[in-house]
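Protein chains in written order, with our numbering: chain S, 1 to 132; chain U, 133 to 264.
Backbone N, C-alpha and C fix where the C-beta goes; we use that ideal spot for every residue, glycine too.
In what follows, a structure is listed as structure tokens, so that the remarks can point back to it.
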DNA sequence: CTTATAAATGTTATATTATTACATACTGTT
DNA sequence: AACAGTATGTAATAATATAACATTTATAAG
Ligand SMILES: [Zn+2]
Ligand SMILES: [Zn+2]
Ligand SMILES: [Zn+2]
Ligand SMILES: [Zn+2]
């Protein structure tokens, strides 16, 4: 049986906004967009973001300080994330490649250490930007 | 022939500090530590950091907003970085594993796209923290 | 229903990280 | 000397994130 994770009011408002956005959203942009719904302070946004990240509904793009909805219903664990980022238009997509995730999840470093979590960000030019 | 990259005064001061630090340093901690050497403003620090990152002498640990000296003289390109981060003691090491870097540099996503740059951060418990 | 506990909220203030804007100086090349 | 590129100095401000404290709501047990 799956874990239930019903979102609270603020969490739902903020998740809906991020989920319908076509690009990663920054915390203060989120704040601006939900003020009409009664969320007035940064902390209310950050608290919801923290929770949503923890349960894997969204991910943080660390190099951009921005948040994107999980595109990959199976990575609710939020422990193994990979993204492609266009350095020209800033388009971000979540990479869902089982070979890659297996390779990284099973990676053992020179000291024999295994990791329970990783975040990978690839940078390059997206199709559209490459062709122009 | 290699590119020369002589560091300027501020760049050298800041690189030396980061290089001799046993842990990643944050920008304002760097600022505090170099004030006696005449570097007084955040911008002076950030400018030196930008340059040092660009030439690959240091790397930014994105998830920590901190900077670490490159441990791997061969990655001066600063385009292919991988780190292990202990979630308990925050120890960070640069991973130098040619199989991993080849795998990631050659990675092609589902859309056939190749990337010229990546950053990978692994999280877990270091040896010391695991044993306690 | 009552009590206990954890999770979520509201609010103010503040800390931390990073950039804009503008003036000046240094370095190497022609 | 003139030029271009890089680096510096300084002040102000923007953008990102957390601390502290009071209150409320949801969940589960007794
Ligand atoms: Zn995901
Ligand atoms: Zn693009
Ligand atoms: Zn390196
Ligand atoms: Zn540790």
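C-beta neighbour in chain U for residue 115(S), strict 7 Å: As a position in the first chain, residue 115(S) is number 115, starting the count at 1. So yes, residue 115(S) belongs to the interface.
Would you identify the three-state DSSP class for residue 250(U), choosing helix, strand or coil? The count along the second chain starts at 1 and reaches residue 250(U) at position 118. In the structure shown, residue 250(U) sits in a strand (DSSP, three-state: E or B).
Closest to residue 252(U) by C-alpha separation, out of 100(S), 47(S) and 130(S), would be which residue? Taking the first residue of the second chain as position 1, residue 252(U) is located at position 120. Nearest of 100(S), 47(S) and 130(S) to residue 252(U), Cα basis: 100(S).
Selection of the region 81-105 of chain S by Cβ proximity to chain U, strictly under 7 Å: 84, 95, 97, 100 and 103
Return the CA-CA distance between residue 20(S) and residue 235(U), expressed in angstroms with no decimal places. One-based indexing of the first chain puts residue 20(S) at position 20. One-based indexing of the second chain puts residue 235(U) at position 103. Taking the straight line joining both Cα atoms gives about 33 Å.
Against residue 251(U), what residues of chain S qualify as contacts under a CB-to-CB distance less than 9 Å, listed in chain order? Taking the first residue of the second chain as position 1, residue 251(U) is located at position 119. Simply 62, 63, 119, 120, 121, 122 and 123.
Assuming contact is defined by CB atoms lying nearer than 7 Å, are residue 78(S) and residue 112(S) in contact in what I supplied? On the first chain, position 78 is the one that residue 78(S) refers to. On the first chain, position 112 is the one that residue 112(S) refers to. Going by C-beta atoms, residue 78(S) is not nearer than 7 Å to residue 112(S).
Kindly list the residues whose CB is nearer than 7 Å to the CB of residue 248(U), restricted to its own chain and excluding five residues on each side of it in sequence; keep chain order. Residue mapping note: residue 248(U) aligns to position 116 of the second chain, counting from 1. Cβ within range, chain order: 211.
The beta strand (DSSP E) that contains residue 89(S), what's its start and end? Stepping through the first chain from its first residue, residue 89(S) is reached at position 89. Per DSSP, residue 89(S) belongs to no beta strand (DSSP E) and is neither H nor E.
Cβ neighbour criterion (16 or more within 10 Å) applied to residue 122(S): As a working note, residue 122(S) is residue 122 in the first chain. Buried, because 16 or more other Cβ atoms sit within 10 Å of the Cβ of residue 122(S).
Are three or more beta carbon pairs between the region 213-226 of chain U and the region 167-179 of chain U nearer than 8 Å? no
Closer than 7 Å: residues whose CB approaches a heavy atom of ligand 6: Among the ligands modelled here, namely ligand 1, ligand 2, ligand 3 and ligand 4, ligand 6 does not occur.
Could you spell out the range, first to last residue, of the alpha helix (DSSP H) harbouring residue 27(S)? What you label residue 27(S) is simply residue 27 of the first chain in a count that begins at 1. Counting along the chain, the alpha helix (DSSP H) containing residue 27(S) begins and ends at 27-34.
Does the CB of residue 241(U) have a neighbour CB from chain S at under 7 Å? As a position in the second chain, residue 241(U) is number 109, starting the count at 1. At least one chain S Cβ lies under 7 Å of residue 241(U).
Should residue 2(S) be flagged as near chain U, meaning a C-beta pair shorter than 7 Å? For the purposes of this step, residue 2(S) is identified with residue 2 of the first chain, where counting begins at 1. Residue confidence is low: residue 2(S) scores 46 on pLDDT, short of 50, so the model does not pin down where it sits. No coordinate-derived value is stated.
Listing by chain order, which chain U residues have their CB less than 8 Å from the CB of residue 127(S)? Against the first chain, residue 127(S) aligns to sequence position 127. Chain U residues near residue 127(S): 243 and 245.
Return the CA-CA distance between residue 217(U) and residue 203(U), expressed in angstroms with no decimal places. In the second chain, counting from the first residue as 1, residue 217(U) sits at position 85. In the second chain, counting from the first residue as 1, residue 203(U) sits at position 71. About 14 Å.
Taking only beta-carbon positions, decide if residue 263(U) is within less than 7 Å of chain S. Position 131 of the second chain holds residue 263(U). By this cut-off, residue 263(U) is not an interface position.
Express the C-alpha separation of residue 190(U) and residue 167(U) in angstroms, rounding to a whole number. As a position in the second chain, residue 167(U) is number 35, starting the count at 1. As a position in the second chain, residue 190(U) is number 58, starting the count at 1. Roughly 20 Å between the two C-alpha positions.
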